[in-house]
Amino acid sequence: MITALLKLTLLMSALFTLAIGAIRAQPYDDGGLRDFLFNSPGCENYPNEPCFIGIRPGVTTFDEALAMLEAHEWVERVTSASPIIQWTWNGSQPRFIGFPQERGLVTIRDGTVRRLYVGYTSIKFSDLWLTLDKPTSFDIATSRAFVDFGTSHRETHLTTQMIVSCPLRIADFWTLRVNIAYEAQVFPHATDFRFGELCAQSGISLIG
Numbered sequence: 003m004i005t006a007l008l009k010l011t012l013l014m015s016a017l018f019t020l021a022i023g024a025i026r027a028q029p030y031d032d033g034g035l036r037d038f039l040f041n042s043p044g045c046e047n048y049p050n051e052p053c054f055i056g057i058r059p060g061v062t063t064f065d066e067a068l069a070m071l072e073a074h075e076w077v078e079r080v081t082s083a084s085p086i087i088q089w090t091w092n093g094s095q096p097r098f099i100g101f102p103q104e105r106g107l108v109t110i111r112d113g114t115v116r117r118l119y120v121g122y123t124s125i126k127f128s129d130l131w132l133t134l135d136k137p138t139s140f141d142i143a144t145s146r147a148f149v150d151f152g153t154s155h156r157e158t159h160l161t162t163q164m165i166v167s168c169p170l171r172i173a174d175f176w177t178l179r180v181n182i183a184y185e186a187q188v189f190p191h192a193t194d195f196r197f198g199e200l201c202a203q204s205g206i207s208l209i210g
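Numbered according to my numbering, the sequence shown spans residues 3 to 210.
Now the structure itself:
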């Protein structure tokens with residue numbers, strides 16, 4: 003039984019790798035995703051720093067972030083209670099932010115923004131991978147019903163989170179919508195993962 007499961011895991015990992023190679027071999031138009039992530043209004047002068055809607059983790063202060071959000075054309079309502087600022091989108095935000103009611107959040111540490119949480123987006127994990135290439139690290143936390151799967155791109159200080167319901171089909175994995183955040187500092191986790199491991203620890207099998 004163990005041998006059969008091992009063979010199945012290796013087979014699924016191989017199929018996963020082949021799928022990545024096939025996708026990467028095709029010409030790809032990101033549909034403006036890279037500009038959304040790294041060239042949003044207010045970030046034009048900071049191409050090599052983590053930045054979103056003018057807020058720069060590790061640089062922007064609480065008062066500066068609050069003022070930017072209150073004046074921003076995409077933002078509906080801002081609430082604050084240090085060390086946290088929250089806001090809702092007003093519907094004029096780019097299509098990548100899927101729901102106006104989705105809340106954004108900023109956390110403050112030592113006087114400056116530590117983390118800018120955009121929230122769940124309409125961005126598929128496959129599109130993010132194709133735009134940014136393979137993440138630099140992966141983080142997997144499991145429960146009996148689902149898997150909290152995170153990735154990070156250390157160079158851009160971008161992190162993602164996805165909730166994976168098990169059992170999981172490989173095709174469904176690539177269509178998962180990502181939760182995006184910009185970090186002042188990205189901490190490394192595992193540098194690789196096997197697709198077959200995603201649901202294995204939860205005790206629920208994968209589906210090919």
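In this text, a Cβ means the ideal position worked out from N, Cα and C, and glycines have one as well.
- Here residue 161 really is in contact with residue 185; their C-beta atoms are around 6 Å apart, less than 8 Å.
- Three or more pairs of CB atoms, one per stretch, sit closer than 8 Å, so the stretch 129-147 contacts the stretch 27-47.
- Shown here for residue 113: same chain residues with a beta carbon closer than 8 Å to its own, the five before and five after excluded, namely 63 and 64 in chain order.
- Exclusion of the five residues before and after residue 177 leaves 126, 127 and 128 as the residues of its chain whose Cβ lies within less than 8 Å of its Cβ.
- A distance below 8 Å separates the beta carbons of residue 120 and residue 106.
- Unbroken alpha helix (DSSP H) runs of no fewer than 4 residues, entirely contained in the stretch 104-181, are found at 127-134 and 172-176, following chain order.
- Residue burial annotation: residue 165 is exposed, with fewer than 16 other C-beta atoms found within 10 angstroms of its C-beta.
- With a beta-carbon spacing of about 5 Å, residue 72 and residue 80 fall inside the 8 Å limit used to define contacts.
- When the Cα atoms are used, residue 123 and residue 54 turn out to be separated by approximately 14 Å.
- Taking C-alpha positions only, residue 45 is separated from residue 169 by approximately 40 Å.
- Secondary structure of residue 196 (DSSP, three-state): coil.
- DSSP, read as helix, strand or coil, puts residue 78 in strand.
- The C-alpha of residue 76 is placed about 22 Å away from the C-alpha of residue 84.
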